[in-house]
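These notes concern the structure reproduced below.
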Amino acid sequence: MRTRQTDWLAIIQAEHIQQIEHIEKALNASVILAKLNADGTFAQVNDFFCEISKYSSSELIGAPYTLLRSGFHPSNFFTKIRQTLNQGELWTGDICHRAKDGTLYWTKTTFVPILKDHLLKHIMTVQTDITDMKNIDMLKEIAYYDDLTGLANFRKFKMDFSALQHASKPLPHMCSLMLFSLKDYKLTMKRFGLSNAQTFLQEVAKRLREISEKFDYTVFKLEEEQFLIFLPHTHQSNEYEHIIHEIYRSFRQPILIQGHYFKAEPIIGIIHFPEHAQTFDLLLDRLALTSSYAEKQSDRKVAIYHAQMEEEHKYFLLLESALRRALERDDLELHYQPKIDLYHHQVEGVEALSRWYDPTFKQVPPNVFIPLAERRGFINDLGEWSLRIAAERAKLWNANLDRNLIVAVNISPTHFIQPNFLDQLFQVLEKTKVNPKHLQLEITEDVVMEKSVEMHTTLKTITDIGISLAIDDFGTGYSSFGMLNTFPIDSLKIDRSFVTNIQNDAKKAAILEVMIKLGHALKLDVVIEGIENEEELAILQPFAPKFAQGYYFCKPLPANEFERFIQKK
Ligand code: C2E
Ligand code: MG
Ligand code: MG
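Going by full-length UniProt numbering, the first residue of the sequence shown is number 1, and it counts up by one from there.
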């Protein structure tokens with residue numbers, strides 16, 4: 001570079017002086033030029049400089065260079081340039097300036113320090129207008145990158161994938177795609193607000209990017225908590241297994257945001273190209289399907305595409321429309337399972353459990369149709385229905401059966417956290433005229449354990465109007481006994497899994513005993529769920545639980561059969 005510059009000077013010096021003037025003219029006509037004093041004020045500017053900056057030369061001369069500051073660069077940007085020049089070194093880079101009329105323009109800029117006796121005397125600046133190019137770059141940035149995480153977006157993925165397909169013709173390149181998402185993300189974020197959700201996603205992106213640096217893959221950010229992981233290699237090496245392992249290891253660590261721990265459980269769907277789908281659209285459709293399949297797995301939420309998923313998908317679509325129809329036509333039913341007071345040997349209450357019989361699908365268990373309604377967004381309607389029917393029953397039975405009977409109704413967490421849940425509850429009370437004391441809501445531990453003020457207020461409002469609250473399936477979620485003390489909870493229903501096989505598991509019996517004792521110490525009603533036989537009851541008796549439910553006492557019954565059952569008691 002240096003020799004080339006010297007060569008140019010030699011050429012110019014060897015030529016006529018007039019030709020230097022020509023060169024100066026040429027420079028003036030095509031390049032933005034200015035001479036600055038050592039203090040950074042303008043000493044001289046050419047016409048082009050005035051034209052682009054929209055200042056006249058008299059406005060510029062004597063004014064500091066920072067007159068053109070755009071605010072685009074960080075505050076120490078010009079200080080750093082200054083330091084370079086003070087050391088007698090050239091500075092070259094792209095600068096965004098603000099013209100007199102407020103518009104922005106970009107120049108490729110070189111500052112040349114002119115030194116005399118090692119002191120900076122003047123600075124020459126030579127610039128070219130690159131505004132159009134920069135605008136295109138910035139548009140590309142906006143078009144192809146995600147603002148929040150800085151990761152490439154779906155548009156970029158589509159472009160890269162198409163380039164890969166074209167490059168590897170006629171034989172398509174083998175590669176794998178993973179769709180990464182997080183269990184219950186929407187639910188958690190609804191509770192914790194938008195700004196926490198954004199910080200959360202940035203942390204998720206950071207973790208995935210860190211893993212991508214170990215393995216040769218690219219992460220793209222899709223909608224909300226969805227990320228696409230692109231493995232440009234043949235999948236035969238099963239490299240994705242290592243990546244999944246690494247992802248799980250990384251996300252075992254909860255994410256801490258403003259004092260809240262967010263547990264992020266990955267859901268990963270995997271598809272191989274071209275083995276599983278030969279076109280881009282089909283590839284993505286099948287990947288989305290694989291991901292929804294992965295979400296339904298009970299343990300590790302990972303699934304690799306297989307053709308059978310298409311069949312299941314069709315099945316669930318049909319099941320969904322049948323369920324919606326059943327709900328509209330009031331074809332669902334509630335069955336009732338008595339809750340037994342073991343101290344007084346009587347029925348203290350009853351739990352309402354949804355039942356759905358469809359002529360095509362036959363008896364569909366609530367463990368299938370409740371999660372389906374949650375996933376497909378109509379759990380509110382289903383929840384409102386069960387709440388209303390249970391309240392009607394509570395009103396009727398307490399009026400006719402000559403005894404107090406609390407009817408408990410299960411509330412899905414997805415339903416419970418809806419902003420209109422309380423309104424819905426008030427409407428049901430209003431419509432059915434049920435005494436709130438005859439109603440109990442069964443919610444899960446995770447809902448109660450959430451520390452937000454709103455949740456606390458909602459729980460308090462419910463108990464203030466007289467409805468009692470029970471924690472269902474206790475012991476399976478993330479609760480602490482310490483937290484229970486601060487919430488207006490009336491009852492703990494200990495999950496059936498603590499009773500199953502208790503005869504052969506001394507540890508289980510010990511845990512159950514402690515749970516019962518602690519529950520009682522916290523002045524809570526403790527209900528043992530799922531007692532199936534006399535043997536199980538006998539093992540539990542010494543722990544003195546007050547309430548129990550289970551097939552041993554009675555299976556859930558249709559309303560009329562329950563009435564007969566209770567009248568016999
Ligand atoms: P859950 O609320 O814990 O209800 C207890 C489940 O255990 C019921 O299953 C009941 O039939 C069953 N069960 C009771 N005693 C025994 C026993 O001794 N042995 C065995 N093996 N099972 C017993 P079901 O009716 O299939 O309901 C399953 C879950 O579905 C419920 O668990 C509840 O979480 C949910 N669910 C049911 N109906 C509704 C509803 O209307 N709304 C909502 N959100 N969830 C519901
Ligand atoms: Mg329940
Ligand atoms: Mg339960």
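C-beta: ideal position from N, C-alpha, C; glycine also.
Does the Cβ of residue i have 16 or more other Cβ atoms within 10 Å, making it buried, or fewer, making it exposed?
| i | result |
| --- | --- |
| Ala352 | buried |
| Pro359 | exposed |
| Tyr551 | exposed |
| Tyr105 | buried |
| Phe474 | buried |
| Gly88 | exposed |
| Ser58 | exposed |
| Leu332 | buried |
| Tyr343 | exposed |
| Gln567 | exposed |
| Gln253 | exposed |
| Gly519 | buried |
| Gly349 | buried |
| Glu142 | The question names Glu, but residue 142 in the sequence shown is Ile. So Ile142 ends up on the exposed side. |
| Glu310 | exposed |
| Tyr261 | exposed |
Could you have a look at residue i and say whether DSSP puts it in helix, strand or coil?
| i | result |
| --- | --- |
| Tyr261 | strand |
| Leu405 | coil |
| Cys96 | strand |
| Glu59 | helix |
| Asp39 | coil |
| Glu348 | strand |
| Lys186 | helix |
| Ala152 | strand |
| Lys507 | helix |
| Glu246 | helix |
| Gln127 | strand |
| Ile489 | coil |
| Met174 | coil |
| Gln440 | strand |
| Ile44 | For the record, residue 44 in the displayed sequence is Gln; it is not Ile. Gln44 falls in the strand class under three-state DSSP. |
| Leu484 | helix |
| Gln399 | Per the sequence shown, residue 399 should be read as Ala rather than Gln. Correct three-state label for Ala399: helix. |
| Ala470 | strand |
| Phe416 | helix |
| Tyr144 | helix |
| Met1 | Any answer about Met1 is weak, because its pLDDT of 39 lies below 50 and its placement is not dependable; what the coordinates show is given next. Residue state, collapsed to three classes: coil. |
Round the Cβ separation of residue i and residue j to the nearest angstrom and send it over; I've been treating them as touching at under 8 Å.
| i | j | result |
| --- | --- | --- |
| Ile271 | Tyr305 | 4 Å |
| Phe180 | Leu208 | 7 Å |
| Ala197 | Lys221 | Going by Cβ atoms, the distance from Ala197 to Lys221 rounds to 14 Å, so no, they are not a contact pair. |
| Pro232 | Leu164 | 7 Å |
| Leu120 | Ala38 | 5 Å |
| Gly477 | Glu454 | Wrong, their Cβ atoms sit about 19 Å apart, outside the cutoff. |
| Val302 | Ile211 | Contact flag wrong, Cβ pair sits at about 15 Å. |
| Ser53 | Lys100 | 7 Å |
| Phe487 | Val448 | 5 Å |
| Ala63 | Phe78 | Contact flag wrong, Cβ pair sits at about 14 Å. |
| Thr149 | Gln202 | 6 Å |
| Glu442 | Asn410 | 5 Å |
| Phe251 | Ala264 | 5 Å |
Report yes if the CB atom of residue i is closer than 8 Å to the CB atom of residue j, and no otherwise.
| i | j | result |
| --- | --- | --- |
| Leu512 | Ile489 | no |
| Phe547 | Asp330 | no |
| Thr92 | Thr110 | yes |
| Thr432 | Ala391 | yes |
| Ser412 | Ile462 | no |
| Ile157 | Leu60 | Note on residue identity: the sequence assigns Phe, not Ile, to residue 157. The answer is no: Cβ separation not under 8 Å. |
| Cys269 | Met174 | Looking at the sequence itself, residue 269 is Gly, so the reference to Cys does not match. Not closer than 8 Å, so no. |
| Gln541 | Lys339 | no |
| Ile465 | Leu492 | no |
Determine, using beta carbons only, whether residue i comes closer than 8 Å to chain C.
| i | result |
| --- | --- |
| Asp216 | Structure shown: chain C not included; a single protein chain is present. |
Find the nearest neighbour of residue i within the set the options, judged by alpha-carbon distance.
| i | options | result |
| --- | --- | --- |
| residue 571 | Phe543, Lys507, Glu295 | The structure shown does not extend to residue 571, since the chain is modelled only from 1 through 569, so no value can be given for it. |
| Asn153 | Val219, Ile471, Val434, Asp464 | Val219 |
| Gln127 | Ala294, Ala470, Leu27 | Leu27 |
| His313 | Asn86, Ile267, Leu372, Trp356 | Leu372 |
| Arg388 | His438, His345, Asp47, His166 | His438 |
| Pro558 | Arg69, Gln337, Asp216 | Gln337 |
| Asp216 | Leu187, Ser176, Lys186 | Ser176 |
| Trp356 | Gly377, Glu320, Lys339, Glu348 | Glu320 |
| His97 | Lys116, Leu115, Asp129 | Asp129 |
| Pro436 | Asn420, Asn76, Ile467 | Ile467 |
| Arg564 | Met159, Leu401, Glu223, Ala506 | Leu401 |
Give the residues whose C-beta lies closer than 6 Å to at least one heavy atom of ligand 5, in chain order.
Ligand 5 is absent from the structure shown, which contains only ligand 1, ligand 2 and ligand 3.
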